[in-house]
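Protein chains in written order, with this note's numbering: chain A, 3 to 372; chain B, 117 to 494.
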């Protein structure tokens, strides 16, 4: 290790000049305008794509609006789809503060769901509250453990966490299938292997007035808590410092290993909880339906939100809305299912490209000084 | 939010009526509203688990839907690649609420329980018909139902065609899962071939998944490596199997839909669904205001299934043989599973003097591979 490096402080944001009281507002404006510009860019590119296919971009937007937000049913459809994505996006965003890219959330979801089912089965004759508590604890613990392995490999053995979490994701899915199709299989589930069910009386009800399961409020709450954790606690500050420059953080004496393990465990816990909620609210048992790609869409959302838990909420709604509108687009415009994937891809690329916009415009920068 | 209270009150009123008027009365009530809507324009929703152009299971349904689109008085809405998760409930609900669909065909096996049953309980005026034969009278609601075809007979004819084409006397079958529906097809194919030449063996490979093109291609190559020169299958999308067979220069028999385009040289014939027969019947009933049947099944004679046109590789003798047996089947009562029949472990599965036609209840629990099949169900 080079000892000549001198490190003073590693500020998470640019130094604020005294007297520039408008800078925080301009900084927020930059953080809002850059993704909006990116979305507009993606919309323009996609319109060109639609025109090439001979479809009308105006019809398209109108249908997206109607399918995703235009009626009470559409809104419920959208937020229902967004609910699990909130938690799986956190699985990427929290380790992301430390500069880690965890892409194994899918396994945390399915294993979390499986662990929750297993925890619930011996308790089904007690009270639903006990069952839910057991499921939440087992699900998040399992998710925390699974993603924690990637963190441990990174911190102790310096194994690249992208590869580790991806490979562990495949292993996790294989383990899930092994248990669901073998040891834990309900013999009555002939053509779709499933575990035994937790029973109708132990299923989570929908939220009052909404046809949406409690995953939505829990997800929103988790995003808010994680935002506080990242921006208002010393853990969050230390994590962001580590993400900025790991060597600097080490020199500062920050417990980098612990931070990595903790961040991975919190992220994995969120994804595991998502799996537990899907089982408790939606399926009542574990089977291949859990493996619905929420973990992967979560990666997309976390990047779109630039790892900010508050931004995860609108981005999850956006992607949930596109999912909700996808069917209507197929039905009304005769566009193939892949059209929505093209749009998602364009949005993703535009948002990533918009990262280069940050700091380019002087107007958003601190005034005074240089 | 304003929508919720009225819906719940109408539902509870309906439940009350259900209790007093009884099931028959409810069915009649459901029909009158069905009738009223059918008089305008019948909107029918089709939901597919895979792409509409998969040359297989989904295409077979989508082709029928495309024919329906040309009929007057109906509007068809379709959605492809809908996974067997809560997504399909949302798709059904969206078709009902946003498109005004009153008759839904969720075509994939895994859509039935719990998704379609949940929606059927929520929307009692809407008719749901599911492809696969899972509906049971005392278990499932009357606004749901099942339809399915006896395609095993077509696989038997495939087997006869394969027997005339094979030189190595080894033919192959790539199957998704060892469940009764699939095993009947494997056994029928093998029995068809053995009806021509009892020395022919049929090697079967189970991929474990309904759609896994990579494994299916590997299985095809592996079968060819073992000296097999005719292959057929039961997976959702036979595309990659047919293409691999053609490229490696062996013969193929199709399944689900017509795949002759994928294998212009080696395609002998194929077992195809003919869903238009079923769908036309349902729609005619709905438009006439008649109750839709809850349980529909049929085979070659009823036009639920059909054979692909013969490919150039099938000999004149082969064509004659297939045509003759098909004519026999069309007469009705034809049995492929005739005793004495042993499985490939030597156990008697059909005792002497017994014969199971396609409608036999015994076949629905088929869990064996017949003599002459190389492979195992577990």
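C-beta: ideal position from N, C-alpha, C; glycine also.
As the structure is a computational prediction, the values presented were derived from the model and not from experiment.
*Residues of chain B with a CB under 9 angstroms from the CB of residue 294(A): which are they?*
199, 201, 202, 203
_Within chain B, the residues that residue 194(A) reaches when beta carbons sit closer than 9 angstroms_ = 200, 225, 226, 229
*Could you give the uninterrupted runs of the alpha helix (DSSP H) lying entirely in the region 43-116 of chain A, keeping only those of 4 residues or more?*
59-70, 74-99
*asked:* For a test of the three-state rule: what should DSSP assign to residue 154(B), helix, strand or coil?
replied: With a pLDDT of 44 at residue 154(B), under the threshold of 50, the predicted position of this residue should be treated as unreliable, and no value is reported.
*Looking at the C-beta of residue 142(B), does it have a partner C-beta in chain A at a distance below 8 angstroms?*
Per-residue confidence for residue 142(B) stands at a pLDDT of 39, beneath the threshold of 50, marking its modelled position as unreliable; the derived number appears in the next sentence. False, the Cβ-Cβ gap to chain A never drops below 8 angstroms.
*asked:* Need the endpoints of the beta strand (DSSP E) that residue 263(B) sits in, please.
replied: 260-265
*Of all the residues that make up the region 329-346 of chain A, which are near chain B by a beta-carbon distance shorter than 9 angstroms?*
329, 330, 332, 333, 334, 336, 338, 339, 340
*asked:* Below 8 angstroms on the Cβ atoms is my contact criterion, and I expect residue 171(B) with residue 422(B) to pass it. Report the Cβ-Cβ distance as a whole number of Å.
replied: Contact doesn't hold; Cβ gap of about 16 angstroms is too wide.
*asked:* Contact between the region 312-324 of chain A and the region 128-136 of chain A is defined here as three or more beta-carbon pairs at a separation below 8 angstroms; is this criterion met?
replied: no
*Pick out the complete alpha helix (DSSP H) segments inside the region 334-390 of chain B, 4 residues or longer, and give them in chain order.*
355-363
_So the candidates are 384(B), 305(B), 350(B); which of them puts its Cα closest to the Cα of residue 365(B)?_
384(B)
*Along chain A, which residues have their Cβ under 7 angstroms away from the Cβ of residue 302(B)?*
Those do not exist, as residue 302(B) stays about 16 angstroms from chain A at its closest Cβ, beyond 7 angstroms.
*Cross-chain neighbours of residue 284(A) in chain B, by beta carbon under 7 angstroms*: 202
*Going straight from the alpha carbon of residue 159(B) to that of residue 211(B), what length do you get?*
9 angstroms
*Could you work out which residue in 333(B), 161(B), 242(B), 449(B) is closest to residue 191(B) when comparing CA atoms only?*
161(B)
_Classify residue 481(B): buried if its beta carbon has 16 or more other beta carbons within 10 angstroms, exposed otherwise._
exposed
*Do residue 438(B) and residue 307(B) come within 8 angstroms of each other at the CB atom, strictly closer than that value?*
no
*How do the region 291-305 of chain B and the region 391-409 of chain B stand: do at least 3 beta-carbon pairs fall below 8 angstroms, yes or no?*
no
*Give the residues of chain A in contact with residue 499(B), contact being defined as C-beta atoms less than 9 angstroms apart.*
Any question about residue 499(B) goes unanswered here, given that chain B covers just 117 to 494.
*Would you call the CB atoms of residue 288(A) and residue 119(A) closer than 8 angstroms?*
yes
*What's the C-alpha gap between residue 145(B) and residue 76(A)?*
Because the pLDDT of residue 145(B) is 42, which lies under 50, any placement of that residue in the model is unreliable, and the number read from its coordinates should be weighed accordingly. Cα to Cα, the separation comes out at about 29 angstroms.
*Kindly list the residues whose CB is nearer than 7 angstroms to the CB of residue 476(B), restricted to its own chain and excluding five residues on each side of it in sequence; keep chain order.*
none
_For residue 414(B), tell me which candidate among 266(B), 209(B), 185(B) has the shortest Cα-Cα distance._
266(B)
_Cross-strand partners of residue 246(B) (DSSP beta bridge)_ = 262(B)
*When we look at the beta-carbon of residue 464(B) and count the other beta-carbons within 10 Å, is it buried (16 or more) or exposed?*
exposed
*I think residue 198(B) touches residue 164(B), with their Cβ atoms under 8 angstroms apart; what is that distance to the nearest whole Å?*
7 angstroms
*Which chain B residues sit within Cβ distance under 8 angstroms of residue 49(A)?*
Going along chain B, no residue has its Cβ under 8 angstroms from residue 49(A), so there is no contact; the nearest lies around 23 angstroms.
_Partner residues on chain A for residue 193(B), Cβ-Cβ distance less than 7 angstroms_ = 333
_Only counting the same chain, and skipping five residues up and downstream in sequence, which positions put a Cβ closer than 8 angstroms to that of residue 176(B)?_
372, 373, 388, 389, 391
*How long is the line joining the alpha carbons of residue 255(B) and residue 261(B), rounded to whole angstroms?*
11 angstroms
*asked:* Considering only their Cβ atoms, is the gap separating residue 450(B) from residue 473(B) smaller than 8 angstroms?
replied: yes
*Residues in the region 235-256 of chain B having any Cβ partner in chain A nearer than 7 angstroms*: none
_I want to see whether chain A comes within less than 8 angstroms of residue 494(B), judged by CB atoms only; does it?_
no
_Contacts around residue 311(B), its chain only, beta-carbon distance under 7 angstroms, and the 5 residues preceding and following it disregarded_ = 276
_C-beta atoms of residue 286(B) and residue 336(B) nearer than 8 angstroms_ = no
_So, for residue 444(B): in the same chain, excluding its five sequence neighbours on each side, which residues have a beta-carbon less than 6 angstroms away from its beta-carbon?_
450
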